[in-house]
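Report on the following structure.
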Amino acid sequence: MAEYIMKILRSQLVVVFSWGFNTPMRLPNDKGLRFLVNGYLHQGAVEVIYNAGADLFTVNTINEDGSIKQQENDVYLDCLVNVIDRMVETK
Numbered sequence: 520m521a522e523y524i525m526k527i528l529r530s531q532l533v534v535v536f537s538w539g540f541n542t543p544m545r546l547p548n549d550k551g552l553r554f555l556v557n558g559y560l561h562q563g564a565v566e567v568i569y570n571a572g573a574d575l576f577t578v579n580t581i582n583e584d585g586s587i588k589q590q591e592n593d594v595y596l597d598c599l600v601n602v603i604d605r606m607v608e609t610k
């Protein structure tokens, strides 16, 4: 699943690089992808978790203490980059 999410992110590399995207890593049991960003609105970790039952994603921005700062549920794959961009870089 982590590789599939990376393929989605690679489809809009200019936007992804604008976040300061780095250090991608698989979530346990390959449930998704975690990476670090240095965006205008959020600096730190972002998790993209796949919900297989709904065939949708959950996107979390993570605080330094590990708590969830912001969460977006039920994100379609074609909206994934835009949702992350809104949470990390733009309003």
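Counting from 520, one number per residue, gives the positions in the sequence shown under the working numbering. Don't be surprised by glycine CBs; every beta carbon is placed ideally from N, CA and C.
Nearest neighbour of residue 583, chosen from 589, 596, 564 [CA to CA]: 564
Beta-carbon spacing of residue 607, residue 556 below 8 Å: yes
Euclidean distance between Cα positions of residue 531 and residue 570: 22 Å
Contact set for residue 545: own chain, Cβ-Cβ below 6 Å, skip 5 residues either direction: 521
Host alpha helix (DSSP H) of residue 522 (start-end): 521-529
Environment of residue 609 [buried if 16+ CB atoms lie within 10 Å]: exposed
Coarse secondary structure for residue 555, derived from DSSP in three states: strand
Chain-order list of residues whose beta-carbon lies under 7 Å from that of residue 552 (same chain, five-residue window excluded): 521, 524, 525, 543, 545, 546, 567
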